[in-house]
Amino acid sequence: MNINNHYKKNIIQFLFALPTIWAFSGLFLYENSDKHFFILCIIVFFLGLFQLGFNAIVEHIKNRKLTWILLIAVIFSAFTKLTMGGSSSELRVLGAIALYSMVLHNYVIEKIKSNLIWLIALASVISVSYISYQTFALQIDREYWSINAIPYTTFSAAITSIAIYLAFISSEKKQRIISLVSACLGLSSIIISQTRGTLLAVTIAALLLAALMIIKYKKNSIFIVASIIAISLVSFLNYEKIEQRIIQTKHEYHAITSGNLNTSIGYRLQMWQAGWELAKSPTIFGLGKNHVEAKQELYERGLISKASIGFKHYHNQYISSLVMKGIAGLMMTLAFLLMPLFYYFRHNDKSILIAILCSTVYAVSGLTDIPLMQPHPLAFYLIILLLFCTPKNHDSNTI
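Under my numbering, the first residue of the sequence shown carries the number -2, and numbering increases by one thereafter.
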């Protein structure tokens, strides 16, 4: 009987962990995986309602600041969608994780964190496999991947930075090797995809981590040198891809300085200019889908280029949030990005550095893309917050 109870307990714990496992694996395998993530979260919510009871869920809501912010974000997202035409996928992800945060038991959270090294290893293999398959097997231009390359590699950059962190703090040689291999695979996926913004993001996150490990935590600089050598080796093996991107960047730079803005970087500059013009007169809740009409008016007044009108967003998280969701939307974005720092200074827990690294990656990626407005990277980031920005108080109910 005890054995049966043990197996039953393990199965229930696995079911509670399933949305998190999916966020590190299936979520980045195909286009509509975020919809299946939503279904998993709904199933787990009702399982939690049955297993934990209503009072335990109320207790989670009271104790978890992230759940508060998620519920506010859900209400705000639903309001903007109904009034100005917001994103269904973003609302779906916010709602799913809000419900999931209400029932995810602290014991399960700690269990997931204790196995994080394996989740990161799985995620890195999936990342490099997906990108290699799209690039080499199907030979598809990254513009036509089933999941857009830039938000996808934001995920790759996040897991790479986490892998580097795990390599730093692991005391066992085996775990360090697994983490370094995971970091190399994640970095390879970014290099293969040739996404400059996410490569910059993971570089800044890695430098931040190295500085913290040396200055604050007095980690051995020899291991840092070994990590740099491993990363340099990955870069060398992918030298052809890196060289292609450097040459393309030089060509784009010369084109822009010659007045030709019809390049990847040039189009971004035009989008930023359009967004900046609209942001000069911010609103509380933003323009929603009406931002396209507002851009048309700016073009007719000669303030922005015609090329910037047709784009759905501004290839910048902060400008897009301010224009499309207003001051309230920008504050919501900043709340999600700054939450890890708040928890770190309040609890001084080294593991929260994982959330800070992910926040750094997303903050830098947000300069050239909208990772917190795309369902796949948004879901992954919120799962990271749920794991590392949840108070470690003991649940009264057990699973």
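In this text, a Cβ means the ideal position worked out from N, Cα and C, and glycines have one as well.
Check                                                                                                                                                                 : Outcome
Figure out for me which residue from Ile94, Tyr104, Asn103 and Val178 has the closest Cα to the Cα of Val125.                                                         : Val178
In angstroms with no decimal places, state the Cα-to-Cα distance between Lys286 and Leu266.                                                                           : 21 Å
Would you say the region 67 to 83 touches the region 91 to 102, given that touching needs at least three Cβ pairs under 8 Å?                                          : yes
What residue does the alpha helix (DSSP H) around Cys181 start on, and which one ends it?                                                                             : Lys170 to Ser190
Secondary structure at Leu379, three-state DSSP: helix, strand or coil?                                                                                               : helix
Could you give the uninterrupted runs of the beta strand (DSSP E) lying entirely in the region 77 to 155, keeping only those of 3 residues or more?                   : none
Which term fits Phe47, buried or exposed, when burial requires 16 or more other beta carbons within 10 angstroms of its beta carbon?                                  : exposed
On the three-pair Cβ rule with 8 Å, is the region 292 to 304 touching the region 345 to 365?                                                                          : no
For Ser98, collect the residues of the same chain with a Cβ closer than 8 Å to its Cβ; drop the 5 residues on either side in sequence, then sort them by chain order. : His57, Arg61, Leu63, Thr64, Leu67, Leu383 and Thr387
When you compare only the Cα positions, how much space is there between Phe42 and Arg298?                                                                             : 51 Å
Quick one: is Gly272 buried, meaning 16 or more other Cβ sit within 10 Å of its Cβ, or exposed?                                                                       : buried
Just to confirm the assignment: which complete beta strand (DSSP E) runs, minimum length 3, are found wholly within the region 256 to 310?                            : none
Does the beta-carbon of Met329 have 16 or more other beta-carbons within 10 angstroms, so that it is buried, or is it exposed?                                        : buried
Going by alpha carbons, who is nearest to Pro148 out of Lys389, Ala180 and His373?                                                                                    : His373
Is Gln371 helix, strand or coil by DSSP?                                                                                                                              : coil
Beta carbon of Ala198, beta carbon of Val320: below 8 Å?                                                                                                              : no
Is it buried or exposed for Tyr341, if we count other Cβ within 10 angstroms and need 16 for buried?                                                                  : buried
State the DSSP-derived secondary structure class of Glu28, mapped to helix, strand or coil.                                                                           : coil
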